[in-house]
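The structure appears right after this line, and notes come after that.
Number of protein chains: 2
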Amino acid sequence: MSLAHPVLEGNRLALARLLTQIENDSEEGREALNELFPHTGRAHLIGVTGAPGTGKSSLVNHLALYYRRLPRGPARQVAIVAVDPSSPFTGGAILGDRVRMRDLAGDSGVFIRSMASRGSLGGLALATTGVVQALDAAGFEIILIETVGAGQAEVDIARLAHTTLVIEAPGLGDDIQAIKAGILEIADVLVVNKADRPGVEITERALRGMLQLAHPTPHIFRNHYRDHTLGDTLSENTPATDPIIWVPPIQRTIAIEGQGIPELAKAIAKHYQHIKNTGELRRRERSRLRSELDNLLRESLVARWRATVSQEAYDQALHNLVRREISPRQAVDQLLSGGLS
Amino acid sequence: MSLAHPVLEGNRLALARLLTQIENDSEEGREALNELFPHTGRAHLIGVTGAPGTGKSSLVNHLALYYRRLPRGPARQVAIVAVDPSSPFTGGAILGDRVRMRDLAGDSGVFIRSMASRGSLGGLALATTGVVQALDAAGFEIILIETVGAGQAEVDIARLAHTTLVIEAPGLGDDIQAIKAGILEIADVLVVNKADRPGVEITERALRGMLQLAHPTPHIFRNHYRDHTLGDTLSENTPATDPIIWVPPIQRTIAIEGQGIPELAKAIAKHYQHIKNTGELRRRERSRLRSELDNLLRESLVARWRATVSQEAYDQALHNLVRREISPRQAVDQLLSGGLS
């Protein structure tokens, strides 16, 4: 019996079990996801990424607390998905559910799930996609997707999220700059966390400089000009917010003290509204689903082909390859012609 | 006309052109790799990985210089492949060929190639594999494969290399520790670079502690005991080097001054000898080729299937998916049954 129904009814135990089924890519998990899929598309997916040492986990923690204790309006249902692609071996949740639990324990409006890679990055991305869909269908309005590391994983997360936060902190190593150049292009909101540390101005200035490189439109320079030199005097003649182009704002926070969190939440909400208004949300949804479709297709094609070729044929090709009698490409050609004959 | 022949004859211009063909996955590049493959398997592939700020590039630079100016014996032909998976957008070589060139310029025994991701991590891994094979066939005896970032990319690089160096440096952020847990397991040699910085003992102690967790054999503790408490007095009764188990040594370096580089090169050579003696080299080669075979198979299966299905059928499935009328899994089932009928 599928877990889809109890999950839709808000049963948290059923949800936890379903997420395990999804992580294991079981048949039950697949069927439940089929049933749940029409109920998805309501959550705001927020990606949180940044280099080690920037305090991502604290920030996610305090954002979740904020959404649970909104100064006005009802609390939001919040899910946290902590993805750790750098941990392919331990299989455990390094990000530490227990650490978070001190603040969020006992609150049934918060659901936390840690995921570690099990071999392939592609497998992790697919599993994360499924987990987020299940949480979305289960009624979580805010889903925070946190990832450790710097690289392709962040880009994949950005494809999954509606709003991507890139976290920085003052005083981290030399070639952080180099990494940022790529990561910056996926940022919808930039956060300088640990803003009480020395060097916060340098970090912020570096980010502004990179933003100008990444978005070299007159609009940006206008905005910068206004912000830093003339106050709001220019805003009467030049619209403060271009209706099409989103310029990632830079928010300072001291997450462990909760400072800057309400302002950050406001910037996140503003971005969500922006992508709704401009049609960007629909575009992102489409591109996200397309990439999921392609990933699933790839995985299914390999599984189907595997069923058509004998282990002996595969082993023989590998044997010839290891002896360098054929090249990898020639081994593939051999196997693919054999597999279909 | 294939570039394989001039590449085998040592033509560097032909090599550079071939590497571009391989990166573009062109038909010429594929054919040349088929021809070159029987000539591979002679180079020592050394992976170099570590978090931003550890000084990887300087270290690679000075290792290359060392191999070019060996105190005894002829200079080795050295290639450097700098892989930057965190830079999927710029498409450029952030790692800075020009910076290296100051020291290595004009030396035809050194060949440097930077590679940035072009979309998918899988594509980058395949291209890197091909580039390394071409360099191997071209006669480079030492191939240094450097990667930026922390995550799955490192693991993939480790699969490619015979000897993997993991670089650390004192005083980098808080949760570096968490990342190391996964990365450590791919390390053959650990390097604490910037060893003149404060905190070097703390970093080294942390690494030793993690090594004990990762390799909890009596052998290790014996080694540690000997190294730190009793000097060499124990070594008469307990063999210093277990013939089967390799314990990653920890080497201190100050790369920008060249300090510790000869000792590091010695540890690298020792590891290479160890994996040759124990059969581990053959095992790694096999597992590497197997993983390349699987990657190529996956890519080829997708390409073949794409040719059998109409763009209309694909677009229709995506359309239904975006309207949430079918789930991603159902879209795949639809496309796969249609594609073969």
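For the protein sequence lines, the chains are A and B, in the order given. Residue numbering for the first sequence follows the working numbering, beginning at 27 and increasing consecutively. Residue numbering for the second sequence follows the working numbering, beginning at 27 and increasing consecutively. A virtual CB, placed ideally from N, CA and C, is assigned to each residue, including glycine.
Give every residue of the same chain whose Cβ lies closer than 6 Å to the Cβ of A:L233, excluding the five residues on either side of it in the sequence, and list them in chain order. L216, I276
Helix, strand or coil: which one does DSSP assign to A:M236? helix
May I ask you to report which of helix, strand or coil DSSP gives A:I300? Before going on, a small fix: residue 300 of chain A reads as His here, not Ile. Helix, per DSSP.
For B:H250 and B:I228, I'd like the C-alpha separation in whole angstroms. Interpretation of B:H250 is limited by its pLDDT of 35, a score under 50 that renders its predicted location unreliable; the figure taken from the coordinates is listed afterwards. Cα to Cα, the separation comes out at about 16 Å.
So if I threshold CB-CB distances at 9 Å, which residues from the segment 35-68 of chain A count as touching chain B? R56, E57, L59, N60, E61, L62, F63, P64, H65, T66, G67
For the putative contact between B:I106 and B:L170, defined by C-beta atoms under 8 Å, what is the C-beta separation to the nearest angstrom? 5 Å
If the cut is a Cβ gap below 7 Å, which residues of chain A does B:W272 touch? Those do not exist, as B:W272 stays about 17 Å from chain A at its closest Cβ, beyond 7 Å.
On the DSSP bridge list, what partners appear for A:Q277? A:V217
Determine the burial state of A:E211: buried for a count of at least 16 other Cβ atoms within 10 Å of its Cβ, exposed for fewer. buried
Might you give, ordered along the chain, the residues of its own chain that have their beta carbon closer than 8 Å to the beta carbon of B:R368, omitting 5 neighbours on each side? The structure shown has nothing for residue 368 of chain B, since chain B only spans 27 to 367.
Own chain, CB closer than 6 Å to A:F370, minus 5 neighbours either side, in chain order: Summary: the structure shown does not reach residue 370 of chain A, with chain A confined to residues 27 through 367, and so no result is reported for it.
Pick helix, strand or coil for A:A108, following the three-state DSSP scheme. strand
At what residues does the alpha helix (DSSP H) containing B:G55 begin and finish? For B:G55, the uninterrupted alpha helix (DSSP H) segment begins and ends at 53-62.
What residues in the segment 337-359 of chain B have a beta carbon less than 9 Å from any beta carbon of chain A? Y340, A343, L344, L347, V348, R350, E351, I352, S353, P354, R355, Q356, A357, V358, D359
9 Å Cβ cutoff, B:A232 in contact with chain A: no
Which residues in chain A sit within 7 Å of B:A77, going by Cβ to Cβ distance? Within chain A, the C-beta atoms nearer than 7 Å to that of B:A77 come from P78, in chain order.
Does the segment 336-353 of chain A come into contact with the segment 311-325 of chain B, if we say contact requires no fewer than three beta-carbon pairs (one atom in each stretch) closer than 8 Å? yes
Measuring only the C-alpha atoms, how far is B:L362 from A:L323? 8 Å
Checking the sheet assignment: what are the DSSP bridge partners for B:M141? B:V109
Span separating the alpha-carbon of B:S84 from that of A:L237: 28 Å
Under three-state DSSP, which class holds A:L71? strand
Quick one: list the residues of chain A neighbouring B:E318, beta-carbon separation under 8 Å, in chain order. P354
Kindly indicate if chain A contains any beta-carbon less than 9 Å away from that of B:T155. Closer than 9 Å: yes.
Based on the DSSP output, what are the partners of A:T190 in its beta bridges? A:G73
Express the C-alpha separation of A:I138 and A:N60 in angstroms, rounding to a whole number. 23 Å
Mark B:P114 as exposed unless 16 or more other C-beta atoms lie within 10 angstroms of its C-beta, in which case mark it buried. Because B:P114 carries a pLDDT of 43, less than 50, the predicted location of this residue cannot be relied on, and no value is offered for it.
Please report whether the beta-carbon of A:V74 lies at a distance below 9 Å from any beta-carbon of chain B. no
With the cut-off set at 9 Å, would you say A:L39 and A:A30 are in Cβ contact? no
Cβ neighbour criterion (16 or more within 10 Å) applied to B:L96: exposed
Going along the chain, which residues of its own chain have a beta-carbon closer than 7 Å to the beta-carbon of B:H297, five neighbours each way excluded? So the list reads T189, D214, V215, W272, once near-sequence residues are dropped.
State the Cα-Cα distance for the pair A:L41 and A:A58, rounded to the nearest angstrom. Each residue's CA atom was taken as its position, placing A:L41 and A:A58 some 11 Å apart.
Since A:T154 and A:M141 are thought to touch, with beta carbons under 8 Å apart, how far apart are those beta carbons, to the nearest angstrom? 6 Å
Considering B:I168, what are the terminal residues of the beta strand (DSSP E) in which it resides? 168-173
Output needed in chain order: residues of the segment 297-328 of chain A with a Cβ under 9 Å from some Cβ in chain B. R308, E311, R312, L315, R316, E318, L319, D320, N321, L322, L323, R324, E325, S326, L327, V328
Please work out which residues of its chain come closer than 7 Å, Cβ to Cβ, to B:Y340, disregarding the five sequence neighbours upstream and downstream, and give them in chain order. L361
Answer with buried or exposed for B:N87, where buried requires no fewer than 16 other C-beta atoms within 10 angstroms of its C-beta. buried
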